[in-house]
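One line per chain: the protein sequences are A and B, in this order.
If you use full-length UniProt numbering, the first sequence closes out at 226, no skipped numbers anywhere.
If you use full-length UniProt numbering, the second sequence closes out at 106, no skipped numbers anywhere.
A virtual CB, placed ideally from N, CA and C, is assigned to each residue, including glycine.
To keep things clear, I will list the structure first and then write my remarks on it.
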Amino acid sequence: MHHNSHDMRPIQKHPLNVRVFHYILLLSFLPLAATGLLLFFKPLSQEGMQLTYDIHIIAGVVLSLDALAFTVIAFDRVVLFIARVFSLSERDVKWFMVLGGYPQKFLLGKKVPVPPMNKYNSGQKLFGACVLIGGTLLILSGLVLWLVPHVAPRDLVWLLGQIHLVAGLILTAFLPVHLFLAVYRFDDFKAMMVHGNVPYHDAAEYTPLWVEQEIVPVTANQQRNK
Amino acid sequence: MNNKKHVFAEDSFFISRRKFMAIGAAFIAVMAIPVGWFASKVAKRNDYIKARSAGLYKDDAIAKLRVSHANPAVEKYYKEFGGQPLGHMSHDLLHTHFVDRTKLNS
């Protein structure tokens, strides 16, 4: 693809509503992961565990309301995210065979060819699917375990507890990887945490298919929306 | 929301309307499944208790002796040994005594 390596023209990658959603998700999930691990291993005193539980509940309510509000207010973004995350192709298989070229880059210091990616690479798509499915399971099971464990059938409550545990552990395990790669892809990090935009050269390098197939000049969209 | 600071953005119609609606409907359906499933589980949670009480009522209806104080053994106990129901002897022998052990753990 022909592009200037320092083409700094901004492409909007994460609109404001997505960034606000992501911020609240971040601020609620970090305490949830920490208190969840504490609740699992129970290292504290009775009072400490009670406080941990209270923090877990409050953060869980914040996360649930965030997810619900975003689904209602920005339903189009949710549908687009699902469409992206669950679209699979041969490129994803090839991406996973080289793991996006990241291990080679970090461990051996060499660059291997990576298949062109859309807005999210295959690893992000896998993470996105886990967040969608696991997050939904965590919210639903958490609500039952917190509010109506005495009303629900005993075996169902046990099953939901196991689901809550496994989904929580999987998403928590993803967290360090997500944080590390988020900071590594610094242009994308700034887009999500600050202004929403990525420079053209960064998008063209990491997400060439997205730039080719889905990106248009802003004026074109404005004309079409009129 | 659209601060116009960017020069490019996603084409708002990169996904077809038909596909958008299909994915959206599937998402709503998947989100609705656990609600129905859980509601039916809750609705059926007392079925076995209801079946058991129905069985007990049925047993009761066909039983010869339908009240405990008509039990000949109980009648014999009061007549020959225990004296009056709720009397001192019966109270000592038949009532369970409890000890408060809730403070032992603290």
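Within the model, the alpha-carbon separation for residue 19 of chain B versus residue 46 of chain A is close to 52 Å.
Taking residue 31 of chain A as the centre and dropping the five residues before and after it, the same chain places the C-beta of 55, 56, 59 closer than 8 Å to its C-beta, in chain order. The Cβ atoms of residue 84 of chain A and residue 120 of chain A sit closer than 8 Å to each other. Taking 8 Å as the CB threshold, residue 153 of chain A lines the interface with chain B. Around residue 213 of chain A, the beta-carbon contacts reaching into chain B at under 9 Å are 11, 14. When C-alpha distances from residue 100 of chain A are compared across A/141, A/175, A/116, the shortest belongs to A/116. Per DSSP, the beta bridge partners of residue 9 of chain B are A/216. For the stretch 141-218 of chain A, the continuous beta strand (DSSP E) assignments of 3+ residues that do not extend past its boundaries occur at 197-199, 215-217, in sequence order. Per the Cβ contact rule, the stretch 209-218 of chain A is not in contact with the stretch 183-193 of chain A (fewer than 3 Cβ pairs under 8 Å).
In this model, residue 33 of chain B and residue 102 of chain B are separated by some 44 Å (Cα to Cα).
Membership of residue 72 of chain B in the alpha helix (DSSP H) is indicated by the continuous run 72-77. Residue 201 of chain A is outside the set of residues whose beta carbon lies under 8 Å from a beta carbon in chain B. Below 8 Å, enough C-beta pairs join the stretch 140-158 of chain A and the stretch 37-57 of chain B to call them touching: three or more. Looking at the DSSP output, residue 10 of chain A bridges to A/199. Per the coordinates, the alpha-carbon of residue 78 of chain B lies some 10 Å from the alpha-carbon of residue 89 of chain B.
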